[in-house]
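Student: Got a structure for you, questions after.
Protein chains in written order, with the numbering used here: chain A, 1 to 114; chain B, 1001 to 1151.
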């Protein structure tokens, strides 16, 4: 699934790296715990989180995650966007809950990591 | 400079980073820089991920628990060796600290998305070799080895 389709399904707003929305994702992982994110082993994975801080972006970088969706209407800071642009990580804000966003993406074919 | 050419011509490259305890704004910068270097050296991406996950977890541990620390990274044609030496409270019971779920992290660290007792076990599972030594009220040293031939 292309990131553009992800954004459409969850009704999200893209905050940076719009030119990379044709990237493909196959898996999704939903967590506010970055240590759990760092245990994942798959490629082409999307992260859904309510943890809106710089370490969420750093964790995505280390885990080779190229798109992070911030759920529950959490607001991304300018510092986070600046780092995400530098690392070419797409940032999406979404007003729905993590449960709702995850359910919609699962129904539309994104796979769980385990 | 073409770092991959440099890597072929020289036996080893060394990098050193200093980290400050409590500085979550800059936590991960050393790991990020090491990742960029390994990418430029054309190291296998799966191996890079194992290395930087180890390093990032260990770097966050220093920021979360210690007063200050130094990271030494050596890359040669056979392996990547990382040593993190911190000055801090140390770990009284290492076997307990290695158990999944055990943590002494502060609420501030937990708010950053860490401190759930996953870091050290995650480092151990990603590293080919992992050693940890600690002295209470002095500090902790973590050694991580990843072999390039086992990607």
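For each residue, glycine too, the CB sits at the ideal point set by N, CA and C.
For residue 1113/B, count the other beta carbons within 10 Å of its own beta carbon; 16 or more makes it buried, fewer makes it exposed. Which is it?
Tutor: buried
Student: Along the chain, where does the alpha helix (DSSP H) containing residue 36/A start, and where does it finish?
Tutor: 34-37
Student: Using 8 angstroms for Cβ pairs, my map puts residue 97/A next to residue 48/A. What's the rounded Cβ distance?
Tutor: Residue 97/A to residue 48/A, Cβ: 10 angstroms. No contact.
Student: Is the shortest distance between the beta-carbon of residue 1151/B and the beta-carbons of chain A less than 7 angstroms?
Tutor: Residue confidence for residue 1151/B is low, a pLDDT of 45 falling below 50, so the modelled location carries little weight; the figure read from the coordinates is stated next. No, because no Cβ of chain A sits closer than 7 angstroms to the Cβ of residue 1151/B.
Student: Threshold first: 3 residues or longer. Then list the beta strand (DSSP E) segments lying entirely within the region 1050-1103 of chain B, N to C.
Tutor: 1068-1076, 1079-1087
Student: DSSP on residue 41/A, reduced to helix/strand/coil?
Tutor: coil
Student: Is the Cβ of residue 55/A closer than 7 angstroms to any Cβ of chain B?
Tutor: For residue 55/A, the answer is yes, since a Cβ of chain B falls inside 7 angstroms of its Cβ.
Student: Name, going along the chain, the residues of the region 16-36 of chain A whose beta-carbon falls closer than 7 angstroms to a beta-carbon of chain B.
Tutor: 32, 33, 34, 35, 36
Student: Quick check on residue 89/A: does DSSP put it in helix, strand or coil?
Tutor: coil
Student: Would you mind stating whether residue 1115/B and residue 1127/B have Cβ atoms separated by less than 7 angstroms?
Tutor: no
Student: For a contact meaning CB atoms closer than 9 angstroms, what does residue 1025/B contact in chain A?
Tutor: 54, 79
Student: Roughly how many angstroms lie between the CA atoms of residue 1151/B and residue 1035/B, to the nearest whole one?
Tutor: Annotation note: pLDDT 45 at residue 1151/B (below 50); position unreliable, coordinate value reported separately. When rounded, the distance between both Cα atoms is 15 angstroms.
Student: Here's the rule: buried if 16 or more other CB atoms are within 10 angstroms of the residue's CB, otherwise exposed. What is residue 1048/B?
Tutor: When all chains shown are included, residue 1048/B counts as buried.
Student: Rounded to a whole number of angstroms, what is the C-alpha to C-alpha distance between residue 1149/B and residue 74/A?
Tutor: 42 angstroms
Student: May I ask you to list, following chain order, the residues of the region 42-75 of chain A that have a beta carbon less than 9 angstroms from some beta carbon of chain B?
Tutor: 43, 49, 51, 53, 54, 55, 56, 57, 58, 59, 61, 62, 63, 64
Student: So, at 6 angstroms on beta carbons, what are the nonlocal neighbours of residue 11/A in its own chain, with the 5 sequence-adjacent residues on each side left out?
Tutor: none
Student: Report buried or exposed for residue 1042/B, applying the criterion of at least 16 other Cβ atoms within 10 angstroms of its Cβ.
Tutor: With fewer than 16 Cβ atoms within 10 Å of its Cβ, residue 1042/B is classed as exposed.
Student: Less than 6 angstroms between C-beta atoms, sequence neighbours within five positions excluded: which residues of the same chain meet that for residue 1022/B?
Tutor: none
Student: What does the alpha-carbon distance come out to for the pair residue 1050/B and residue 37/A?
Tutor: 13 angstroms
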